[in-house]
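Chains as they are written, first to last, in my numbering: chain D, 249 to 328; chain W, -9 to 214. The beta-carbon is built from N, C-alpha and C at its ideal position, and this holds for glycine as well.
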Amino acid sequence: MSEAASSEVTQVAAATSSQDPEVGLAAVAALRGLVEVLEALQVENARAKGWSWQQIAAHLGVTKQAVHHKYAGRRFGFRR
Amino acid sequence: MAQCSAHADRVLDLARAEADRFGHRYLGPEHLVLGVLRDGRSGACGVLEAHGGDLAAARAALGRLVDRGLVPQPRPSDAELLGMLGVDLEAIRRTTEQTFGDKAVGWAVREATRARGRGVGRVPRTPLREPPMLISQVLVHAGEQARALDVGMIGPELLLWGVVTDIRTLWPRCMNNRWRRQLHASVGLPAGYRGAAGPLLGALGVDLEELAAAVVAELRAGVS
């Protein structure tokens, strides 16, 4: 592992195990807010390229039912 | 709905700067009061100052509201929080917008954050957008008054009118829902937050009835 990567891992560990739960949890919530948007973008992109729910679920590491429950009914296909 | 004038936009920018100064990660009516006072160039500021408003005193009063728990303690920004995790928010924002375009990112933000019945994987807000503006009722009241006066743009006076009317009006029931409670909690606001402009103006000794009458007079003078 490079020195930079090692330093990054140390930072992650420091924040996620912060002694102050208010800071640690807020950091996790911010990360979650970021991940949800990135996931929606990638799922929409995959659907636009003809991927099946099964394929998307496999790549996200969740069941097909889980990804379908979360995204089915969302208005995919915005105008680029 | 009527749009904000350039002057009102400036007041909103100053209000954001005041929120940032307090480490508040939202924009509330209390910050609008500070924004109007800091701008200092509008009839709204003149009216506020004539009724006991003063920027230094208002900042001190908001500081006391923090101590009373009516508004949050200073919190790190999303960029700072994510920076602690080794995540460069600006780099992600830039890369995502370059790859997918503004429109797609805007769509994904709305999809991830919009209130929906099932509540699966929903987040109240995302670091990819500015801190939430919790002044929707202020803007509704300002817009209604703009229509009543047949004014095309919302200026600082109408913003102040919106703040005063918001204080004196009960929030509609639709404003109290799980999504909004989650949003408020995510920026550290106490349960039951309905804006803190009322306690702020109260601490400054401002009489709301007199202030409302003076703002209406200022608005009518501006129209005629």
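>> To be precise: take each residue of the region 60 to 81 of chain W, compare its Cβ to all Cβ atoms of chain D, and keep it if any distance is under 8 angstroms. Which residues remain?
In response: Arg65, Pro66, Asp68, Leu71, Leu72, Met74, Leu75, Gly76, Val77 and Leu79
> W/Leu179 touches chain D at which residues, Cβ-Cβ below 7 angstroms?
Replying inline: Within chain D, no residue comes near W/Leu179; the closest Cβ sits about 13 angstroms away, beyond 7 angstroms.
> Taking the alpha carbon of W/Arg100 as the point to measure from, which residue in W/Thr85, W/Pro117, W/Gln88 and W/Arg84 has its own alpha carbon closest?
Replying inline: W/Pro117
> Which chain W residues are close to D/Val271, counting only those with a beta carbon under 9 angstroms from its beta carbon?
Replying inline: Arg65, Pro66, Leu71 and Met74
>> Along the chain, where does the alpha helix (DSSP H) containing W/Gly33 start, and where does it finish?
In response: Unbroken alpha helix (DSSP H) run through W/Gly33: Gly33 to Ala40.
> How close, in whole Å, do the beta carbons of W/Cys(-6) and W/Met143 come, if the pair is a contact with beta carbons under 8 angstroms?
Replying inline: With 8 angstroms as the limit, W/Cys(-6) and W/Met143 qualify as a contact, their Cβ atoms being about 7 angstroms apart.
>> Once the 5 residues before and after W/Glu70 are set aside, which same chain residues still bring their CB inside 7 angstroms of it?
In response: none
>> Taking the straight line between their C-alpha atoms, what separation do you get for W/Asn166 and D/Gly281?
In response: 22 angstroms
> W/Val95 CB to nearest chain D CB: under 8 angstroms?
Replying inline: Interface residue, yes.
> Taking W/Ile157 as the reference, which of W/Pro66, W/Gly76, W/Gly192 and W/Arg210 has the closest Cα?
Replying inline: W/Gly192
> For a contact meaning CB atoms closer than 7 angstroms, what does D/Arg329 contact in chain W?
Replying inline: Shown here, chain D extends from 249 to 328; a query on residue 329 of chain D therefore has no answer.
>> Pairs of beta-carbons, one from the region 271 to 279 of chain D and one from the region 70 to 81 of chain W, closer than 8 angstroms: are there three or more?
In response: yes
>> Quick check on D/Gly302: does DSSP put it in helix, strand or coil?
In response: For the record, residue 302 of chain D in the displayed sequence is Gln; it is not Gly. The answer is helix: DSSP assigns D/Gln302 an H, G or I state.
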